[in-house]
Structures are given as structure tokens and as C-alpha cells.
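Asks:
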Amino acid sequence: MNDSFVRYLNAGFDSVEGWLSPTTAHIMATLADEQTRRRVVGDIAEIGVHHGKSFLALANSIAPGERLFAIDVFEDQHKNADNSGSGSREMFLANMRAYAPGKTAEIIRESSLDLPAQGWPKSRAGSIRFFSIDGSHTRDATLNDLQVAELTATRGGLVVLDDVLSSHWLGVISGLFDYLLGGGALLPIAIIPNKLLLATDPASKSEWSAFLRERYARSISKSGVDLFGHGVDVIEDDPSLLRPKPKPASELELWQAFSTSRVYRVARAYMSLRGHTPPA
Numbered sequence: 246m247n248d249s250f251v252r253y254l255n256a257g258f259d260s261v262e263g264w265l266s267p268t269t270a271h272i273m274a275t276l277a278d279e280q281t282r283r284r285v286v287g288d289i290a291e292i293g294v295h296h297g298k299s300f301l302a303l304a305n306s307i308a309p310g311e312r313l314f315a316i317d318v319f320e321d322q323h324k325n326a327d328n329s330g331s332g333s334r335e336m337f338l339a340n341m342r343a344y345a346p347g348k349t350a351e352i353i354r355e356s357s358l359d360l361p362a363q364g365w366p367k368s369r370a371g372s373i374r375f376f377s378i379d380g381s382h383t384r385d386a387t388l389n390d391l392q393v394a395e396l397t398a399t400r401g402g403l404v405v406l407d408d409v410l411s412s413h414w415l416g417v418i419s420g421l422f423d424y425l426l427g428g429g430a431l432l433p434i435a436i437i438p439n440k441l442l443l444a445t446d447p448a449s450k451s452e453w454s455a456f457l458r459e460r461y462a463r464s465i466s467k468s469g470v471d472l473f474g475h476g477v478d479v480i481e482d483d484p485s486l487l488r489p490k491p492k493p494a495s496e497l498e499l500w501q502a503f504s505t506s507r508v509y510r511v512a513r514a515y516m517s518l519r520g521h522t523p524p525a
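Structure follows, in C-alpha cells:
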């Protein structure tokens with residue numbers, strides 16, 4: 246897991262407004278990093294960014310040459326059919342600067358329902374390795390967003406769908422049902438806290454299922470549960486995953502930090518007064 250995500254989880258996650266389990270953030274970031282390790286190349290996109298809580302978990306996994314797409318109506322709430330979230334573009338950008346420094350998101354300030362007519366999915370066909378769906382929670386929007394994700398996903402790509410089992414947003418499970426019954430190609434892999442994880446093809450599903458079963462073995466409560474004819478694993482909230490610590494600093498990094506501290510400056514001045522030569 247990359248250090249930038251660990252710093253975000255430890256120092257920024259709780260302060261960013263949004264609805265995301267830390268366990269789910271951990272799983273998403275781990276999978277995105279594993280894609281890079283496996284040389285799954287592609288961009289990262291999210292529909293329904295809000296203030297960036299889940300987007301930041303993915304943004305810190307971006308590799309050189311890959312792009313970040315943030316799709317949200319933000320303040321244009323007249324385009325938000327079910328009032329499922331009221332995001333702020335300025336807050337999102339501020340959080341990007343604070344917790345994903347050096348990363349740039351390409352903002353698409355539109356309803357995802359308008360993307361097909363604008364040609365965006367076709368222009369990005371087969372180019373996205375991780376697609377997070379957390380926009381409007383209506384039946385039509387969920388179906389549309391899954392179709393957009395399917396068209397744009399690269400092989401080995403992953404899709405996460407928010408609030409799939411929420412009793413407050415039944416449009417999500419209804420849209421998923423329509424998508425799967427209509428022959429959608431994305432395949433459910435696992436239920437993670439508040440989200441459904443999907444793969445692009447049978448081989449990828451098998452590979453990612455095996456990875457999750459090994460990496461999150463103690464967090465899995467059930468395996469092979471039937472979901473509309475697809476076997477999925479159920480991964481529960483797991484406090485033992487949190488909070489990961491950044492890797493230890495090297496001796497050089499520790500010395501550089503100490504040599505610029507006030508304690509060092511005082512000690513250096515004292516040693517000079519006593520006629521000693523302090524280390525440079």
C-alpha cells in the first residue's frame with residue numbers, strides 16, 4: 246500500500262466529508278495498487294465525487310501517464326434527480342491539494358446520464374482500470390453508470406458500486422438487477438462494506454477473487470454467496486486493518502529531519518560555546 250494513501254487515511258480521511266468505511270477505502274486502495282503491480286494500465290474515474298473521500302483513496306494509486314476523471318454535478322444540483330449528495334467543487338479541489346499533492350483530476354461537471362450523448366464513454370473505451378460509481382442512486386442512473394463503466398473498462402479493470410444493499414436507496418439494487426438481467430458483462434466479485442465490487446471478465450474475476458481471499462482472509466464472513474446467479478464473497482468491516490503506518494524513515498531522512506529541528510539548533514549553539522565542533 247502506497248505511503249500517500251496511508252498518510253491520507255491517518256491524517257485526512259476523517260476530516261473529508263463523505264460516506265465511506267475505512268475498510269472499504271483500504272480495499273479500494275489495495276486493489277488499485279495491486280493493479281499497478283500486475284501491470285494493469287489505465288485511468289481511474291469516479292461518478293459522484295462529492296468532496297473526494299473515496300476519490301482520494303484511488304487518486305494516490307495513480308501511475309505516471311495515467312489520468313484521473315472526476316465526474317460530478319457539484320453545485321449544479323438541478324441535475325441531481327434524487328438529491329443523493331450535494332458536492333462542492335472547491336472543497337474537492339482543496340482536499341486534492343491537501344491529500345493527493347501533485348495529482349491532477351480532470352473534472353467533468355455533468356450528470357453521468359448525459360455522458361453517452363456527449364460521446365465520453367466511447368472516447369474512453371477500454372481505457373479505465375478502476376471505476377467508482379457513487380452518483381445518483383436512481384434505477385435509471387445506476388443502469389446507465391454500469392453501462393458506462395462496462396464500455397470504458399480495460400481488461401483486468403475493477404468497478405465498485407455504492408449503496409448496493411442500502412434500504413434508503415433501492416434504485417441502486419433495482420438498476421443493478423436491470424443491468425445483470427439485460428446481459429451486462431461486468432461480473433460481481435464481492436460485497437465490501439457498503440459497496441459491490443465487479444470485474445470485467447471471468448478470468449479477471451477468478452484472479453481478483455483469489456487475491457481478495459488471500460489478502461482479506463480474516464475479514465471474509467461468507468464465500469460463494471449467490472447474487473443474481475453470481476457467486477460473491479462478503480468482506481466485513483475490519484478494524485484490525487486500520488490504521489496502517491507509513492514505512493519507517495531511513496537514517497538519512499531521520500538525520501535530515503533532526504538537523505533542521507529547534508533542538509538541534511540549540512544543541513549546536515551550546516556545543517559551539519563549549520568549544521566543541523558539532524556535526525554538520
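One rule links them: number in the numbering used here = place in the sequence shown (from 1) + 245. The beta-carbon is built from N, C-alpha and C at its ideal position, and this holds for glycine as well.
1. Go ahead and pull the three-state DSSP assignment for residue 460.
2. Can you tell which of 477, 257 and 399 has its C-alpha closest to the C-alpha of residue 466?
3. Quick test of the definition: if touching needs 3 or more C-beta pairs under 8 Å, does the stretch 357-369 touch the stretch 332-341?
4. Please state if the CB of residue 299 and the CB of residue 347 are separated by a distance shorter than 8 Å.
5. Rounded to the nearest angstrom, what separates residue 363 and residue 317 at their Cα positions?
6. Is the Cβ-Cβ distance between residue 304 and residue 345 less than 8 Å?
7. Starting from residue 298, trace the alpha helix (DSSP H) both ways and give me its first and last residue.
8. How about residue 269: is its Cβ closer than 7 Å to a heavy atom in the ligand NAP?
9. Report the residue ranges of all alpha helix (DSSP H) runs contained in full by the stretch 344-411; include only those spanning at least 4 residues, in chain order.
10. Between the Cα of residue 287 and those of 256, 312, 267 and 480, spot the shortest distance and give me the residue it belongs to.
11. Have a look at 460, 485, 390 and 413 and flag the residue whose alpha-carbon is nearest the alpha-carbon of residue 443.
12. Of all the options 260, 265, 271 and 253, which has the alpha carbon lying nearest to the alpha carbon of residue 486?
13. Between the Cα of residue 352 and those of 293, 378 and 397, spot the shortest distance and give me the residue it belongs to.
14. Rounded to a whole number of angstroms, what is the C-alpha to C-alpha distance between residue 462 and residue 469?
15. Closest by CA to residue 379, which one among 285, 420, 402 and 507?
16. Looking at the C-beta of residue 454, does it have a partner C-beta in chain D at a distance below 8 Å?
17. Any idea what DSSP makes of residue 258, helix, strand or coil?
18. Is the number of C-beta pairs between the stretch 415-435 and the stretch 449-462 that are closer than 8 Å three or more?
19. Would residue 310 and residue 341 be called neighbours here (beta carbons separated by less than 8 Å)?
20. Give me, in chain order, the residues of the same chain whose beta-carbon lies closer than 7 Å to that of residue 400; leave out the 5 immediate sequence neighbours on both sides.
21. Pull up the distance between the alpha-carbon of residue 381 and that of residue 367, whole angstroms please.
22. Straight-line CA distance for residue 404 to residue 376?
23. Smallest Cα separation from residue 388: which of 427, 459 and 514?
24. By how many angstroms is the C-alpha of residue 413 removed from the C-alpha of residue 246?
25. Cβ atoms of residue 397 and residue 373: under 8 Å apart, would you say?
26. What first and last residue would you give for the alpha helix (DSSP H) that runs through residue 472?
Replies: Straight from the coordinates:
1. In the structure shown, residue 460 sits in a helix (DSSP, three-state: H, G or I).
2. 477
3. no
4. no
5. 15 Å
6. yes
7. For residue 298, the enclosing alpha helix (DSSP H) starts and ends at 298-304.
8. The ligand content of the structure shown is nil, which means the ligand NAP is not present either.
9. 360-363, 365-368 and 384-397
10. Proximity to residue 287 across 256, 312, 267 and 480 peaks at 312, based on C-alpha coordinates.
11. 390
12. 271
13. 293
14. 14 Å
15. Just measuring C-alpha positions, the residue of 285, 420, 402 and 507 sitting nearest residue 379 is 420.
16. Structure shown: chain D not included; a single protein chain is present.
17. helix
18. yes
19. no
20. 445, 446 and 449
21. 21 Å
22. 5 Å
23. Among 427, 459 and 514, the Cα nearest to that of residue 388 belongs to 427.
24. Straight-line Cα distance between these residues: approximately 33 Å.
25. yes
26. Premise fails: residue 472 lies in the beta strand (DSSP E), 465-472, not in any alpha helix (DSSP H).
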